[in-house]
Every structure is written in structure tokens, then in C-alpha cells.
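Numbering (the numbering used here), first residue to last: 1 to 161.
Just below is one structure, and these are the notes that go with it.
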């Protein structure tokens, strides 16, 4: 079945409504990329007594982020948009700052917690806008991420004591 209505995208949502959702998703995609880069840095550079605990946890986290990045980009494509794909675009649209030259375990974990908190806040905005635009697929996608990330925050904060 082809979509013959020029006002809707391939999944039947209004194109005009989706432009704002696509823009928010591209911002979220940018934030995910920046957070991914930060977590890779934590993984590579963490030092100290908790190295053997944190090094694999950071790898587990950035591996999960890779999958989520791909799912967000594919959602943008599904909605009829084009995902951002250049670092310069990510740097311009992210809600997360670069975290350079971090080595201490506690500092790395604090960076993970603040990054997750930023993603959650941004995803809640995306979800609200998606629901407003009758885009349940996007809302479900980011709501699942929020639920998972809230648990991660609890776990990383438990590590911090």
C-alpha cells in the first residue's frame, strides 16, 4: 500500500506535526552521540581502585548507547526526516557537554549520572511532543529508554554511596 496523501508520511502521521518531533529527535540523537563519546572516554581512561569494576560497566553502557543511537536515527527516517550524522551538527544540537580527560572513577561515574539525567530530561520532552502529535511509536521508544536509564541512575548512585 503506497501513501498517496502528500500531507502524511509513510506511517500515516501528519508531516507538519512531525517536523517538530524530527527536530527534537535530532537533538536527542546529538545528545546520545556526545554522551557516547564521553562514556568511551571514561572506559578508556578510568584509573584507580575501581578500574576492574568500572571499565566493563562503561563498555556495557556505550554498547547499549550504540544500539539506541541507531534506533533513534531509524525512527527519524521512519518519520520522513534525515538524521544528523556529522560531529559538527551533534556539537551544535546536543544538551550534553564534552567531558574531556576524566580519569578518576568517581568523576567518571558522576559524568555518567549527569549524562543520563540530561538524556532523561530531553527524552521526556520528546515523548510529550510525540504524544501531542499522535506519534505513539516515538513516545514508546523514548519512554522505554527513560525507564531503563532511571534504573541505571539508581545503580550508579548506589556505587557512589
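We put the beta carbon where it would ideally sit given N, CA and C, even for glycine.
Query raised in the report: Can you find a C-beta in chain B that's less than 8 Å from the C-beta of residue 19?
Result: The structure shown contains no chain B; it is built from a single protein chain.
Report task. Kindly provide the ranges of any beta strand (DSSP E) runs that are 3 or more residues long and lie completely inside the segment 3-85, ordered along the chain. Result -> none
Requested in this report: Check whether the segment 27-38 touches the segment 79-92, counting contact only when three or more Cβ pairs, one atom from each stretch, lie closer than 8 Å.
Outcome: yes
Requested in this report: Run the CB neighbour count on residue 75, radius 10 Å, all protein chains shown included, and call it buried at 16 or more, exposed below.
Outcome: buried
Query raised in the report: Between which two residues does the alpha helix (DSSP H) harbouring residue 137 extend?
Result: 136-160
Query raised in the report: Using a Cβ-Cβ cut-off of 7 Å (strictly less than) and excluding sequence neighbours within five positions of residue 149, which residues of its own chain qualify?
Result: 116, 119, 120
Query raised in the report: Between the beta-carbon of residue 80 and the beta-carbon of residue 10, is there less than 8 Å?
Result: yes
Query - Sequence ranges, alpha helix (DSSP H) only - wholly within the segment 86-134, length at least 4 - result: 87-93, 105-132
Query raised in the report: Considering only C-alpha positions, which residue in the set 43, 57, 97 is nearest to residue 159?
Result: 57
Requested in this report: State yes or no: is the C-beta of residue 129 within less than 8 Å of the C-beta of residue 72?
Outcome: no
Query raised in the report: Given residue 152, which residues of its chain have a CB within under 7 Å of its CB, disregarding the five upstream and five downstream residues?
Result: 116
Query raised in the report: By how many angstroms is the C-alpha of residue 6 removed from the C-alpha of residue 66?
Result: 33 Å
Report task. Thinking residue 126 and residue 47 are a contact (beta carbons under 8 Å), I'd like their distance in whole angstroms, please. Result -> Actually they do not touch by this definition, with Cβ atoms about 35 Å apart.
Query raised in the report: For residue 44, which option in 26, 83, 16, 100 has the closest C-alpha, if you only look at C-alpha atoms?
Result: 100
Query raised in the report: Is residue 32 closer than 8 Å to residue 108 when the C-beta atoms are compared?
Result: no
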